[in-house]
Amino acid sequence: MDDVLIIGGGIVGSLSALELADRGRRVTLLDVPRRHPPASWAGGGILSPLYHWRYPEPMNRLTLDGPRRYRELVRRLAGNGLDPSDLCESGLWVEADGAEAERGLAWARAHDQRCLAAPLSAHLPDGRAGQGLWFPEIGNIRNPRMLKALHAGLRERGVTRIEARATAVWPGERGGEVRLDNGERRRASTLLISAGAWSPDLLDALGVTVPLFPAKGEMLLYRLAPGQVPSTILTEQGYLIPRADGAVLAGSTLRKGDASTSPTAEGRRTLETMAAGILPMLAARRPDHHWAGVRPGSARDWPWLGEVPGTRGVFAAVGHHRNGLVSAPASAELLAQLMCGESPLLDPADYAFEPSSASSS
Ligand SMILES: Cc1cc2nc3c(=O)[nH]c(=O)nc-3n(C[C@H](O)[C@H](O)[C@H](O)COP(=O)(O)OP(=O)(O)OC[C@H]3O[C@@H](n4cnc5c(N)ncnc54)[C@H](O)[C@@H]3O)c2cc1C
15 MDDVLIIGGG IVGSLSALEL ADRGRRVTLL DVPRRHPPAS WAGGGILSPL YHWRYPEPMN
75 RLTLDGPRRY RELVRRLAGN GLDPSDLCES GLWVEADGAE AERGLAWARA HDQRCLAAPL
135 SAHLPDGRAG QGLWFPEIGN IRNPRMLKAL HAGLRERGVT RIEARATAVW PGERGGEVRL
195 DNGERRRAST LLISAGAWSP DLLDALGVTV PLFPAKGEML LYRLAPGQVP STILTEQGYL
255 IPRADGAVLA GSTLRKGDAS TSPTAEGRRT LETMAAGILP MLAARRPDHH WAGVRPGSAR
315 DWPWLGEVPG TRGVFAAVGH HRNGLVSAPA SAELLAQLMC GESPLLDPAD YAFEPSSASS
375 S
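If you're matching positions, the sequence shown starts at 15 in my numbering and goes up one per residue.
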């Protein structure tokens, strides 16, 4: 019998494992990254939702202190292969003019975020013309490195990681039972379903219906001289994300309902055009890498986090969609607090599964 069994080792499941292990819980993590590559590896790592003033308060509460939480994680995982420069404190420039810029400034004032009106030329000297807002405290995390360090940190804390797929889940009197594709069955007193875009099949078996869908996204990587793109740049068409070593990511496409992870010629053309539209010199460059991932898409703008109604000790964390990297640290903390009977820092009602959206089976 496991103490805690987590299905899915993307950023949400892995950070939940870290929170629980640091609270003294014995954690086992199931993951199938070769069969279902995590969105957490494929994503860009911007530590802010895209146009954050367009999001509702429950999402703001998960994301606002994302940059601070990642600074803390870099310290917590020091020694597990994460370099401080993997957290790129580049600042974020967001394209916005007129009434849109006013909305952004008002949001920043209301949420105590440092923000200044600034032209793109102030933050991307070789970029095209544009007006926008500058958020100096928001940068990006090199998410593949973060995930690798996190898995090393979990090993060090005694978390058992098993490469096997959960094919079915049954709730028990406390926790539940999981069938694996290697023929094994495992019981645990606490279960967490955090299988990203592949969660709906497992939730269906528990009678939970939430509006989730796969949402494919493609990305390009260009290798430039370090500092050539000094800031993270967000426009309505897409974004550029600089890493400390000069790599610049251009993203991203969005195809709702598509669960494939193969990059396409059409996706590449779209991203090349978008990237050169922001930084004209990229028109003469060939991207060095091109990949795709599947976001855990959701019809609402913030995730579901909490106990599955009709069960005792079966939890789920689903629907992080486009913002799972920035919101995962707060999501994981809330989940661990609920699982360990602590007073939660956020109101769990904002993230709870509606009783009407679930029935025990
Ligand atoms: C192109 C792109 C750009 C993005 N950019 C950003 C960004 O800049 N900022 C941001 O905050 N977010 C971004 N995101 C979104 C973010 O990556 C996701 O919201 C987040 O990674 C979701 O994390 P997760 O742990 O829920 O799911 P995942 O990372 O997908 O992890 C799910 C894990 O579950 C495993 N799994 C699945 N089924 C099973 C099963 N049955 N049994 C066992 N294991 C299973 C999979 O192998 C996988 O490892 C981006 C996403 C994409 C695709």
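Yeah, the Cβ is synthetic: ideal placement off N, Cα and C, and Gly gets one too.
Proximity of the beta carbon of R179 to ligand 1 is indicated: a heavy atom of the ligand is located closer than 7 Å. I155 sits away from G260, with the two beta carbons spaced by 8 Å or more.
Cβ-Cβ separation between V308 and A209: approximately 11 Å, too far for a contact (criterion under 8 Å). Here the distance from the Cβ of M233 to the nearest heavy atom of ligand 1 is below 7 Å. Proximity of the beta carbon of G271 to ligand 1 is not indicated: no heavy atom of the ligand is located closer than 7 Å. If you check the CB distance, T181 and T42 do not come in under 8 Å. Comparing C-alpha distances from A178 to each of R117, G23, G252, D79 shows the shortest one belongs to G23. Here DSSP, grouped into helix, strand and coil, assigns R237 to strand. Of the heavy atoms belonging to ligand 1, at least one sits nearer than 7 Å to the Cβ of G265. Shortest gap from the CB of W212 to any heavy atom of ligand 1: under 7 Å. Check the Cα spacing between R75 and each of W107, I247, A124: the tightest is with A124. Between the C-alpha atoms of E347 and W305 there is a straight-line separation of about 30 Å.
In its chain, beyond the 5 residues on either side, F329 have a beta carbon closer than 6 Å to the beta carbon of E321. The beta carbon of L164 sits closer than 6 Å to those of S28, all from its chain and outside the five residues before and after it, given in chain order. For I176, the three-state secondary structure derived from DSSP is strand.
Secondary-structure assignment with DSSP links T246 through a beta bridge to L106.
Under the criterion of beta carbons closer than 8 Å, L339 and I25 qualify as touching, at roughly 6 Å. In this structure, P139 has its beta carbon at no less than 7 Å from each heavy atom of ligand 1. One alpha carbon belongs to V88, the other to R82, and they sit about 10 Å apart. Distances between the C-beta of A346 and the heavy atoms of ligand 1 are all 7 Å or more. Cβ-Cβ separation between G141 and I255: approximately 14 Å, too far for a contact (criterion under 8 Å).
Relative to the Cα of T275, the nearest Cα in the group S345, P51, A92 belongs to P51.
For S135, the Cβ stays outside the 7 Å cut-off from all heavy atoms of ligand 1. Taking a contact as a CB-CB distance under 8 Å, the pair I176 and L44 counts as one, their CB atoms being some 5 Å apart.
Distance from the C-beta of P228 to the nearest heavy atom of ligand 1 is not below 7 Å.
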